[in-house]
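Numbering (the numbering used here), first residue to last: 34 to 216.
Beta carbons: idealized from backbone N, C-alpha and C, even for Gly.
Since the structure comes first, as structure tokens, the remarks are kept for the end.
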């Protein structure tokens, strides 16, 4: 794609994310106008409303999953995992805000989530590996989903602290020397 086409596509996704999370009945025309492009440009990138919704969801998923290796390059492993978990909570809130729009995609028989589990598992696995934790990636994901469903940011922070402590305890127990037998 040409640079301007890549820029336009990115702008459309950015504006659509805001529109679909804040305006239940956002029109494609309004999204195109706010992105500063014509409706024809929108339709060249996204032939249907559902294609745009799916692209918004997949972009958010990719941003979250692609953050894992970047965080590991710039943070200590513990800090990278914690930062990623905070980002997961924000991602889950966005996904919750996109619920109605995603339901419309699903109603057409499309599955915007088909690659989500594999991408998430890969991201979480990469974050757990340097910690040498035996925590299963899908177990951590289940915990994070539970925290995300709560919706209380202060409680979410405390719960993420508990999860982090559990993962670190698991890693420490795995790397600790064996205890000597009592006499």
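Distance between residue j and residue i (C-alpha atoms, nearest Å)
i	j	result
residue 170	residue 127	22 angstroms
residue 196	residue 150	20 angstroms
residue 74	residue 173	41 angstroms
residue 29	residue 205	Nothing in the structure corresponds to residue 29, since the chain is present only between 34 and 216.
residue 57	residue 46	16 angstroms
residue 39	residue 67	17 angstroms
residue 102	residue 120	14 angstroms
residue 182	residue 110	26 angstroms
residue 184	residue 122	9 angstroms
residue 55	residue 129	11 angstroms
residue 98	residue 84	21 angstroms
residue 61	residue 165	47 angstroms
residue 42	residue 135	19 angstroms
Top-ranked residue by Cα proximity to residue i, from the options
i	options	result
residue 140	99, 82 and 60	82
residue 201	50, 112 and 129	112
residue 163	44, 73 and 114	114
residue 137	181, 77 and 53	53
residue 90	198, 158, 160 and 125	125
residue 106	41, 50, 49 and 159	159
residue 118	193, 36 and 131	193
For residue i, three-class secondary structure by DSSP
i	result
residue 167	coil
residue 80	coil
residue 62	helix
residue 121	helix
residue 43	helix
residue 35	coil
residue 93	helix
residue 141	coil
residue 53	helix
residue 179	helix
residue 202	helix
residue 3	Residue 3 falls outside the range modelled here, since the chain spans only 34 to 216, and no answer is possible.
residue 147	coil
residue 185	coil
residue 173	helix
residue 116	helix
residue 105	helix
residue 131	coil
Cβ shell of residue i (< 7 angstroms), same chain only, five flanking positions each side left out
i	result
residue 116	104 and 108
residue 94	149 and 152
Cutoff 8 angstroms; reference residue i; Cβ partners in own chain excluding five residues on either side
i	result
residue 69	44
residue 189	122, 180, 181 and 183
residue 161	114, 168, 170, 173 and 200
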